[in-house]
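Have a look at the structure below before the remarks.
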Amino acid sequence: MVILGQWQNHSFNLSIKSNCLTLSLEWDGKAEVYSFDCAGRLWTALVENVSYRRGLDGKLVAKWGTANEARERRWIFPPASLEFEERARQRAAALYAAIQQGQAVLNADLPPAGALGFARALAFDAARSQADVRQYSQVYQPVGILPPDQYMAVVLQMALGCSFNTCTFCTFYRDRRFRIQSPQSFRQHAQAVRDFLGEGLSLRRTIFLGDANALVIPMPRLLALLEVVHEVFDVAALGGLYAFLDGFSGEKKSAADYRRLAQAGLKRVYIGLESGCQPLLSFLKKPGKAADAIQAVQAMKTSGVAVGVIVLLGAGGQAYARQHVRETISVLNAMRLDADDLIYFSELVEAEGMEYTRDAYEAGLQPLNAEERLIQGEQIEAGLKFSTAGGVPHISRYDIREFVY
20 MVILGQWQNH SFNLSIKSNC LTLSLEWDGK AEVYSFDCAG RLWTALVENV SYRRGLDGKL
80 VAKWGTANEA RERRWIFPPA SLEFEERARQ RAAALYAAIQ QGQAVLNADL PPAGALGFAR
140 ALAFDAARSQ ADVRQYSQVY QPVGILPPDQ YMAVVLQMAL GCSFNTCTFC TFYRDRRFRI
200 QSPQSFRQHA QAVRDFLGEG LSLRRTIFLG DANALVIPMP RLLALLEVVH EVFDVAALGG
260 LYAFLDGFSG EKKSAADYRR LAQAGLKRVY IGLESGCQPL LSFLKKPGKA ADAIQAVQAM
320 KTSGVAVGVI VLLGAGGQAY ARQHVRETIS VLNAMRLDAD DLIYFSELVE AEGMEYTRDA
380 YEAGLQPLNA EERLIQGEQI EAGLKFSTAG GVPHISRYDI REFVY
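In my numbering, the protein residues as written are 20 to 424.
Next up, the structure:
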């Protein structure tokens, strides 16, 4: 439901949905937009052409475009993040007071759901926000990374860490050893996640099974853990199950295994292919072979499970560039992807102290600049071929620097 209104010569509208309340206001010719989930948490905002996204851990990421069409980003931490949340809450409080006092003119009466949305947003003050963040840290180990289409998932950490943890370009799971949860500990975790999200659960769109490659769990243990997920959550209502799995691990499960997982609600598996170039994969210390990923994808797709394939742009620099493009095209085409699938191009992001950065320096590799990395993605995309019957997978960029959960 959308309600239009006027307040102090300013126009505004309220979007009242079953999963969120959104306020859109005009102030001196500038738009301000604030969205709150049904627990009262601020989750997105737009102020002075800068978009904001609040993670469940309380951090804010701000993103904006520049004159040359580049994207900039900045992370905002307490106390500045709390000040921004308070600004949003005060805007909502002032507008709600005006509506209650008849100072704002609406084109329809505010329904009970709208009044409840305001009440919950106003109750989510700084103290409540800080308590929420503390509860988050008790419920979750750090959530390393998610695919972009899963940022609004319910993350359930079925396994912690990464089962191999050797890739030189990845630092997400260096702080923990790989561990599979027992059904009892996982049930406690899943229930704690459900209780933590509260009414905000309605905003979540899917269930993501973490961490890095939870589907490597042997089938008997995996099925027992999936039973726990179904006990605690309505999997179908939430849009099904999604997870990471590396291609060489995925090859160990059969098509029959994936059919069983599909019956349990598995919709899509995300595979970090990174490259079709075997020498580059070896340089990156990525276990397995590109051929393993092809076999895994084919087993998944014949069983009714879609895939999301992630390609790393810029890896190996100039030395590997041509082979990376050529052989990645070959592998992606061999996967026979279709309209149910996704391809993500993720730019290599180097950091001081990263093992890849050290190895590349010692090997004398010349890195690709930002433009060259984008061109590499365009070259790979230009070489892809898909069947008319199956359709074309969705292809997009994946910037890990913008990840927020």
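All C-beta atoms in this analysis are idealised placements derived from N, C-alpha and C, irrespective of residue type, glycine included.
Judged by DSSP in its simplified three-state form, K82 adopts strand. Under the three-pair Cβ rule at 8 Å, the segment 27 to 38 does not count as touching the segment 186 to 198. Excluding sequence positions up to five before and after A132, its CB lies within less than 7 Å of the CB of I35, all in the same chain and listed in chain order. Of the candidates I362, V235, E104, the residue whose Cα lies closest to the Cα of P166 is I362. Under a 10 Å Cβ-count criterion, M354 is classified as buried, with 16 or more other Cβ atoms of the shown protein chains found around its own Cβ. Annotation for E105: D144, A145 place their beta carbon closer than 8 Å to its own, counting only its chain and skipping 5 residues before and after. When E218, S70, Y159 are compared, the shortest CA-CA separation from G136 is found for E218.
For A123, there is no enclosing alpha helix (DSSP H); the enclosing beta strand (DSSP E) covers residues 123 to 125. A direct Cα-to-Cα measurement between V235 and Y277 gives close to 12 Å.
Straight through space, the alpha carbons of V66 and D378 are spaced by roughly 42 Å. Unbroken alpha helix (DSSP H) stretches of 4 residues or longer found wholly inside the segment 266 to 326: 266 to 269, 274 to 282, 297 to 302, 309 to 321, given in chain order. When secondary structure is reduced to three states using DSSP, I394 falls in the helix class. Q342 is a Cβ neighbour of L299, given a cutoff of 9 Å.
Following the DSSP letters along the chain, one finds A132 inside the alpha helix (DSSP H) bounded by residues 131 to 142. The beta carbon of E270 lies closer than 6 Å to those of D311, Q314, A315 in the same chain, with the five residues before and after it left out. Here N232 is buried, its C-beta having at least 16 other C-beta atoms within 10 Å. When rounded, the separation of the alpha-carbon atoms in C296 and P239 is 34 Å. Just so you know, the alpha carbons of E397 and T321 end up roughly 29 Å apart.
Leaving aside the five residues that flank F96 on each side, the residues in its chain whose CB is nearer than 7 Å to its CB run, in chain order, K78. Under a 10 Å Cβ-count criterion, S415 is classified as exposed, with fewer than 16 other Cβ atoms of the shown protein chains found around its own Cβ. In the same chain as L125, and ignoring 5 residues on each side of it, the C-beta atoms closer than 6 Å to its own belong to I22, G24, in chain order. Taking C-alpha positions only, A113 is separated from E421 by approximately 31 Å.
If you compare the alpha carbons of S273, R279, G266, H413 with that of E246, the shortest gap goes to R279. Within its own chain, the residues whose Cβ lies closer than 8 Å to the Cβ of L264, once the five positions on either side in sequence are excluded, are N232, A233, L234, V235, V288, Y289, I290, A315, listed in chain order. With a threshold of 16 other beta carbon atoms within 10 Å, Q119 falls short and is exposed. Taking a contact as a CB-CB distance under 8 Å, the pair F103 and M373 does not count as one, their CB atoms being some 31 Å apart. Linking F364 to V330 through their CA atoms gives a straight-line distance of about 5 Å. Assignment of beta strand (DSSP E) within the segment 40 to 65, counting only whole runs of 3 or more residues, yields 49 to 56 in chain order. In its chain, beyond the 5 residues on either side, D357, A358 have a beta carbon closer than 7 Å to the beta carbon of G410.
Spatial neighbours of G266 in its own chain (CB-CB distance under 7 Å, excluding positions within 5 residues in sequence) are listed in chain order as I290, L292, G307, D311, A312, A315. CA-to-CA, the gap between A172 and Q337 works out to about 37 Å. Assigned with DSSP and collapsed to three states, V350 falls in helix. Around the Cβ of S273, a 10 Å sphere holds fewer than 16 other Cβ atoms; the residue is exposed.
In this structure, G229 lies near A262, with their beta-carbon atoms less than 9 Å apart.
Apart from sequence neighbours up to five positions away, the residues of its chain that approach S182 with a beta-carbon distance below 6 Å are F197, N232, V235, ordered along the chain. Closest by C-alpha distance to R213, out of L403, P202, Y159, is Y159.
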